[in-house]
Amino acid sequence: MRVIEALKQRIEVGELQPGNRLPPETALVESFGVSRTVVREAITALAVDGYVEPRHGAGVFVLAREMSVSPMRLGSPASLLDCMELRIAVEVEAAALAAVRRSSAQEAAIREAHKALHRLGEDGREARTRADVEFHLAVANATNNTCFIDAAEMLAHRVMPLLRPNGETLDPINGAGESGQRDGERLRAIVEEHAAILDAISAADPAAARSAMRLHLSNAERRLQRTQALGLAS
């Protein structure tokens, strides 16, 4: 939180102007005396709030405030479903490309992200969201296509952490976010969906990867529709 607020203040008082690049990750780690993970989470939070925009291979840049994506607008029922359609259009083919282009290191990164999703599943919505974002970014990175990577980063930082109008995080994994046994069952199903994507990419099977990602995102879309039907995202 200290890193987020400090960077926000520097942007709001004009110390960091629109178009300026943030200091490198290593410099922020040293400046704030925190880990790389803390810095990365701070950047993700700032991107979600519309303060900065990560650009693949170039760095993280300050946005003009009028360019930011309104959480209220992202929280409207129609826009949430629009975002899911965009994810399907981009990420289904990204999974197929990853299956034929991934390096061993990129495959390992996807596998590690899946392990984190499984491990952090019981730690609440924020942890699940971070793990889910990292998995999908790892898949996009394995396409070795900068356009897919840029699109995935935009989705991750400005679309995936969807917000309810009251400011609560709408869990992109669990949809309605019910508690108890049903929530646990849904989480297990989500972990299995991600495992199917990972297995297809590891097997270098683009058709299976495409199908697994489409199934996962279609299920996520249905969960979102159920959330809206319950009146939790309106």
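Per UniProt numbering, residue 1 is the first one in the sequence shown, and the count goes up by one each step. Glycine is no exception: its CB is placed at the ideal position from the N, C-alpha and C atoms.
Enumerate in chain order the residues of its own chain whose CB-to-CB distance from residue i is below 7 Å, with the five nearest sequence positions on each side excluded.
{"i": "Leu-198", "result": "Ile-110, Arg-111 and His-114"}
{"i": "Val-34", "result": "Val-3"}
{"i": "Ala-140", "result": "Ala-94, Phe-148, Ile-149 and Ala-152"}
{"i": "Asn-219", "result": "Glu-193"}
{"i": "Arg-102", "result": "Ala-142 and Ile-201"}
{"i": "Val-52", "result": "Leu-22, Ile-43, Leu-46, Val-60, Phe-61, Val-62 and Leu-63"}
{"i": "Asn-144", "result": "Arg-101"}
{"i": "Met-213", "result": "Glu-91, Val-92, Ala-95 and Ile-197"}
Within the continuous beta strand (DSSP E) that includes residue i, where are the two ends?
{"i": "Glu-53", "result": "52 to 55"}
{"i": "Val-38", "result": "Unbroken run through Val-38 is the alpha helix (DSSP H), 36 to 48; no beta strand (DSSP E)."}
Tell me whether residue i sits in a helix, a strand or coil according to DSSP, three-state version.
{"i": "Gly-59", "result": "strand"}
{"i": "Arg-21", "result": "strand"}
{"i": "Leu-16", "result": "coil"}
{"i": "Asn-219", "result": "helix"}
{"i": "Asn-145", "result": "coil"}
{"i": "Gly-184", "result": "helix"}
{"i": "Ser-179", "result": "Because the pLDDT of Ser-179 is 46, which lies under 50, any placement of that residue in the model is unreliable, and the number read from its coordinates should be weighed accordingly. Coil."}
{"i": "Asp-199", "result": "helix"}
{"i": "Asp-150", "result": "helix"}
{"i": "Ala-27", "result": "helix"}
{"i": "Ala-189", "result": "helix"}
{"i": "Asp-205", "result": "coil"}
{"i": "Ala-64", "result": "coil"}
{"i": "Leu-155", "result": "helix"}
For chain B, check one thing: does any of its Cβ atoms lie closer than 8 Å to the Cβ of residue i?
{"i": "Leu-215", "result": "You won't find chain B in this structure, because it holds only one protein chain."}
Which residues in the same chain have their Cβ closer than 8 Å to the Cβ of residue i, if we skip the five residues on either side of it in sequence?
{"i": "Asp-205", "result": "Ala-99"}
{"i": "Met-84", "result": "Leu-217, Ala-220, Glu-221 and Leu-224"}
{"i": "Glu-107", "result": "Ala-142, Ile-201 and Ser-202"}
{"i": "Phe-32", "result": "Arg-2, Val-3, Ala-6, Val-38 and Val-39"}
How many whole angstroms separate the CB atoms of residue i and residue j, which I take to be in contact at a CB cut-off of 8 Å?
{"i": "Ala-208", "j": "Ala-200", "result": "4 Å"}
{"i": "Phe-135", "j": "His-56", "result": "With 8 Å as the limit, Phe-135 and His-56 do not qualify as a contact, their Cβ atoms being about 17 Å apart."}
{"i": "Pro-54", "j": "Val-48", "result": "About 11 Å; that fails the 8 Å criterion."}
{"i": "Arg-36", "j": "Glu-25", "result": "6 Å"}
{"i": "His-118", "j": "Val-191", "result": "5 Å"}
{"i": "Leu-137", "j": "Ala-156", "result": "5 Å"}
Please list the terminal residues of the continuous alpha helix (DSSP H) segment that includes residue i.
{"i": "Ser-104", "result": "104 to 119"}
Leaving aside the five residues before and after residue i along the sequence, list all residues of the same chain whose C-beta is less than 6 Å from its C-beta, in chain order.
{"i": "Leu-28", "result": "Val-39"}
{"i": "Asn-20", "result": "Val-62"}
{"i": "Ile-88", "result": "Leu-217"}
Is any non-hydrogen atom of the ligand PLP found closer than 7 Å to the C-beta of residue i, if you look at the structure I gave you?
{"i": "Asp-49", "result": "In the structure on display, the ligand PLP does not appear, and there are no ligands present to speak of."}
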